[in-house]
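Colleague:
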């Protein structure tokens, strides 16, 4: 993918958190270290249940000295963003922080391809951030190979052509994403069930084990230090008819995993670690499945 592409992402929402307690308020909720979010550095994290199960993932940017922006999944008719907003408002209690939905003020744009970071004059450093056209540009905090994310003021998409980027579409963006093995919220992570470390959050910088307590921290830490990860979300390519989401991946009569998403002939699947290496015989419905292990994924030696 030698050229620089951009794709508007209409299924993203933006919530502003402002006020003197904005950092301490989010710090007690979010899996990552909000104190590290600056004008030069953005982050990726999640909100969990008290039992440590996935609810929402999102990117966090500093808008100005008094405000943070949370870029999150919008969902059908805005339902996912509205649910996150409601959760945050519920937990705010007496914190001196204000929440506002500013989705209609921004276009969220993914910029990807081999020339993406140089076109935006960004370093090859996950999370590196700078101003852009009265908005924000940031290297994807998860993985620089993913490219960059841009929060543009509405009706400023012409700025993308000005940097030499060619318009693409969401499907091309998602094919790029799944081949790198990166999750996209509830599309691949099951609400109230998914565990962060099964979905790459440690390697992708989405969880900080040194920051102290946050909601769901105990299970996340226990999963890491007791070696309790038994499955991983991994890229797959398929040959044959595309299986439905949720289709079991089989190795003969043994269950090897579950299809979580499909984009073209690629997707993401939650794979049992003991089945890693069995990919020559994996099937999902009438399709053959090949599992790929990205360079950034750290698997136990017994599974690698």
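Numbering (UniProt numbering), first residue to last: 1 to 304.
Note that CB positions come from ideal geometry on N, CA and C, so glycine has one too.
Which value, in whole angstroms, describes the spacing of the CA atoms of residue 347 and residue 141?
Modeller: Given that the chain is displayed from residue 1 to residue 304, the structure contains no residue 347 and the question cannot be resolved.
Colleague: Assign residue 281 to one of three DSSP states: helix, strand, or coil.
Modeller: Here residue 281 is taken as the residue at index 281 of the chain shown, counted from 1. Correct three-state label for residue 281: helix.
Colleague: Per the DSSP calculation, residue 132 is bridged to which residue(s)?
Modeller: For the purposes of this step, residue 132 is identified with residue 132 of the chain shown, where counting begins at 1. DSSP output for residue 132 lists 135 as bridge partner(s).
Colleague: Would you call the CB atoms of residue 108 and residue 14 closer than 8 Å?
Modeller: The sequence position of residue 108 within the chain shown is 108, counting from 1. The sequence position of residue 14 within the chain shown is 14, counting from 1. Contact flag set, yes.
Colleague: Which residue's Cα is closest to the Cα of residue 33: 209, 289 and 291?
Modeller: As a working note, residue 33 is residue 33 in the chain shown. Considering only alpha carbons, the answer is 209.
Colleague: Please name the residue, chosen from 289, 89, 250 and 227, that lies closest to residue 29 on a Cα-to-Cα basis.
Modeller: Here residue 29 refers to the residue found at position 29 when the chain shown is read from its first residue. Nearest option by C-alpha distance: 89.
Colleague: For residue 131, which residues of its own chain have a beta-carbon under 6 Å away from its beta-carbon, when the five flanking residues on both sides are left out?
Modeller: As a first step, residue 131 must be located in the chain shown, where it is residue number 131. Excluding positions up to five away in sequence, the list is empty.
Colleague: Tell me where the beta strand (DSSP E) around residue 239 begins and ends.
Modeller: Reading the chain shown from its first residue, position 239 is the one you call residue 239. That run of the beta strand (DSSP E) goes 231 to 239.
Colleague: Under a three-way DSSP split, which group does residue 33 fall into?
Modeller: Numbered from its first residue, the chain shown carries residue 33 at position 33. Note: residue 33 maps to coil in three-state DSSP.
Colleague: In angstroms, rounded to a whole number, what distance separates the CA positions of residue 70 and residue 177?
Modeller: Taking the chain shown and counting its residues from 1, one reaches residue 70 at position 70. Taking the chain shown and counting its residues from 1, one reaches residue 177 at position 177. Rounded to the nearest angstrom, the two C-alpha atoms are 20 Å apart.
Colleague: With 16 other CB atoms within 10 Å as the buried threshold, where does residue 38 fall?
Modeller: On the chain shown, position 38 is the one that residue 38 refers to. With fewer than 16 other Cβ atoms within 10 Å, it is exposed.
Colleague: Candidates 26, 51 and 288: which alpha carbon is nearest residue 251's?
Modeller: Within the chain shown, numbered from 1, the residue matching residue 251 stands at position 251. Ranking 26, 51 and 288 by Cα distance to residue 251 puts 288 first.
Colleague: Just how far apart, CA to CA, sit residue 207 and residue 266?
Modeller: As a working note, residue 207 is residue 207 in the chain shown. As a working note, residue 266 is residue 266 in the chain shown. Those two C-alpha atoms are separated by around 27 Å.
Colleague: If we count the other Cβ atoms within 10 Å of its Cβ and call it buried at 16 or more, is residue 31 buried or exposed?
Modeller: Sequence index remark: in the chain shown, residue 31 carries index 31 (1-based). Buried, by the Cβ-count rule.
Colleague: So the candidates are 283, 264 and 228; which of them puts its Cα closest to the Cα of residue 170?
Modeller: Counting from one through the chain shown, the residue named residue 170 turns up at place 170. The shortest C-alpha separation from residue 170 is found at 264.
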